[in-house]
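If you're matching them up, the sequences are chains P and F in order.
For the first sequence, this note's numbering assigns the number 1 to the initial residue and increments by one for each residue that follows.
For the second sequence, this note's numbering assigns the number 1 to the initial residue and increments by one for each residue that follows.
Built from N, CA and C at the ideal position, the CB exists for glycine as well.
Take a look at the structure below.
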Amino acid sequence: MSADAGHAAHGPASHGHGDTEGGHGSVKSYATGFVLSVILTVIPFWLVMGNTLDNSLVTTLVVLVLGGVQMVVHIVYFLHMSTKSEGGWTFMALIFTITLVAIMLAGSVWVMYHMNRNMMPMSGHEMQTKMR
Amino acid sequence: MMHTDTAPPGSAAPAFFVTDEEGHHSEGSTMLGFWLYLMSDCLIFATLFATYGVLGRNYAAGPSQKDLFDLSGIAVNTAMLLFSSITYGFAMLEMDKDNQRRTQMWLAVTGLFGIAFVTLEIREFVHLFHEGAPPWRSGFLSSFYTLVGTHGLHVSFGILWLVTLMVQVRKYGLVAANKRRLMCLSMFWHFLDLIWIGVFTVVYLIGVLE
Numbered sequence: 001m002s003a004d005a006g007h008a009a010h011g012p013a014s015h016g017h018g019d020t021e022g023g024h025g026s027v028k029s030y031a032t033g034f035v036l037s038v039i040l041t042v043i044p045f046w047l048v049m050g051n052t053l054d055n056s057l058v059t060t061l062v063v064l065v066l067g068g069v070q071m072v073v074h075i076v077y078f079l080h081m082s083t084k085s086e087g088g089w090t091f092m093a094l095i096f097t098i099t100l101v102a103i104m105l106a107g108s109v110w111v112m113y114h115m116n117r118n119m120m121p122m123s124g125h126e127m128q129t130k131m132r
Numbered sequence: 001m002m003h004t005d006t007a008p009p010g011s012a013a014p015a016f017f018v019t020d021e022e023g024h025h026s027e028g029s030t031m032l033g034f035w036l037y038l039m040s041d042c043l044i045f046a047t048l049f050a051t052y053g054v055l056g057r058n059y060a061a062g063p064s065q066k067d068l069f070d071l072s073g074i075a076v077n078t079a080m081l082l083f084s085s086i087t088y089g090f091a092m093l094e095m096d097k098d099n100q101r102r103t104q105m106w107l108a109v110t111g112l113f114g115i116a117f118v119t120l121e122i123r124e125f126v127h128l129f130h131e132g133a134p135p136w137r138s139g140f141l142s143s144f145y146t147l148v149g150t151h152g153l154h155v156s157f158g159i160l161w162l163v164t165l166m167v168q169v170r171k172y173g174l175v176a177a178n179k180r181r182l183m184c185l186s187m188f189w190h191f192l193d194l195i196w197i198g199v200f201t202v203v204y205l206i207g208v209l210e
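Okay, structure coming up:
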């Protein structure tokens, strides 16, 4: 990438003009990102609207994976994130945020799912079988 | 105050404020700082996604995603936001070439796509209200409106910011300060598109399954 040459010359604190130029990418990078994004948007809509896979669990997983891939495409080609931008600090912040988001999402859903199952009002029959 | 601030003869006039706002140092730290803001915004959306993940199937005998959502409308909405992302990219490329007129043109196109997105979303919300699905109907709808509404509000403020910057660029040209602001908005705009990927994947597509 053209941005790397600019970053190698400057430390994290001193940003020259070459740096700001490299930050926006090129027509090529935007076009690549756009084409990939369109493909990664059309496929999940097609899968769900056309009920193509005929299996909602598989469709859910495929759609989730495609969404994740599209997010990475946006970060790389539109936000021009790399491990080297701003001396690596933006990447560190991103990794930290992804960790927190993963804990928050997975933790909330997991904990609340079990709460929901265990705190559900039980029918008389269920109550009797549990008591035994 | 009774100070006598007269500089001794021959010395340079004292500077009471920072005259040069856009040192290159501040530009780098502005970008990093703005990125950190986006990451904190990301956490807000993560909590809203988690809330939706927990409440999303609690219908209280009300309508479900399958009854309410029109996926072809959402596809159009998605296209609007995706187009606006690439047109903002073109604006940034023209900004690099210091072509003010074309930068403004692409910014205007981006704004129009943004307005189209918000308009379609408001229309969808109005439609849902008429269908008997206001936010207070069920846990699913409360979390749905909070998540999607927060995103829509972000886009609306992004449009306001975009218009403000277009006025700034028109008035002062593509000076360093305006370029820095446009770069911040660029990150904000692409970030909102990224959040929308999560919304249409989790809320709309997976929502209508099963």
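Self-check item: Leu48(F) beta carbon less than 7 Å from that of Gly139(F)
Solution: no
Quiz prompt | Test: Val76(F) CB closer than 7 Å to a CB of chain P | solution = no
Exercise. Classify Lys97(F) as helix, strand or coil using the three-state DSSP reduction.
Key: coil
Quiz prompt | Distance, Leu40(P) Cα to Phe188(F) Cα | solution = 21 Å
Quiz item: With C-beta atoms as the reference, is Leu128(F) less than 7 Å away from Leu68(F)?
Solution: yes
Exercise. Check whether the Cβ of Val54(F) lies closer than 7 Å to any Cβ atom in chain P.
Key: yes
Exercise. With 7 Å as the threshold, decide whether the Cβ of Met105(F) is near any Cβ in chain P.
Key: no
Self-check item: Closer than 7 Å to chain F by CB, Met112(P)
Solution: yes
Quiz item: Should Ser143(F) be labelled buried (16 or more other beta-carbon atoms within 10 Å of its own) or exposed?
Solution: buried
Quiz item: Which residue's Cα is closest to the Cα of Ala50(F): Arg102(F), Thr146(F), Ile115(F) and Val118(F)?
Solution: Thr146(F)
Quiz item: Gly67(P) touches chain F at which residues, Cβ-Cβ below 7 Å?
Solution: Ile197, Gly198 and Thr201
Quiz item: Got a sec: which bits of the region 43-59 of chain P sit with their beta carbon under 7 Å from any beta carbon on chain F, in order along the chain?
Solution: Pro44, Phe45, Val48, Met49, Ser56 and Thr59
Quiz prompt | Proximity of Ile103(F) and Glu94(F) at Cβ, strictly below 7 Å | solution = Reading off the sequence shown, one finds Thr at residue 103(F), where the question assumed Ile. The answer is yes: Cβ separation under 7 Å.
Quiz item: If we ignore side chains and look at the alpha-carbon of each, how far apart do Thr110(F) and Asn118(P) end up?
Solution: 49 Å
Quiz item: Taking the alpha helix (DSSP H) that Met49(P) falls in, what are its first and last residues?
Solution: Val27 to Met49
Practice problem: Kindly list, in the order they appear in chain P, the residues whose Cβ is closer than 9 Å to that of Gly149(F). | Solution: The contacting residues do not exist; Gly149(F) stays about 19 Å from chain P at best.
Self-check item: As assigned by DSSP and simplified to three states, the class of Ser29(F)
Solution: helix
Quiz item: By the criterion of Cβ-Cβ separation under 9 Å, what are the contact partners of Gly173(F) in chain P?
Solution: Result: empty, since nearest Cβ-Cβ is about 17 Å, beyond 9 Å.
Practice problem: Return the chain-ordered list of same chain residues with a C-beta closer than 7 Å to the C-beta of Ile43(P), the five sequence neighbours on each side being excluded. | Solution: Leu66
Quiz item: Quick one: what does DSSP say Met81(P) is sitting in, helix, strand or coil?
Solution: coil
Self-check item: Outcome for Leu31(F) when other beta-carbon atoms lying within 10 angstroms are tallied against a minimum of 16
Solution: Going by the sequence as given, residue 31(F) is Met instead of Leu. Met31(F) is buried by the Cβ-count criterion.
Quiz prompt | Terminal residues of the alpha helix (DSSP H) in which Phe96(P) lies | solution = Trp89 to Met119
Practice problem: Tell me, please, whether the CB atom of Val73(P) is closer than 7 Å to any CB atom in chain F? | Solution: no
Quiz item: Among the residues of its own chain, which have a CB less than 7 Å from the CB of Gln65(F), if the five just before and after it don't count?
Solution: Gly207 and Val208
Quiz prompt | Any chain P beta carbon closer than 7 Å to Glu121(F) | solution = no
Quiz item: Taking DSSP as the reference, what is the three-state secondary structure of Ser138(F)?
Solution: coil
Quiz prompt | 7 Å Cβ cutoff, Phe91(P) in contact with chain F | solution = no
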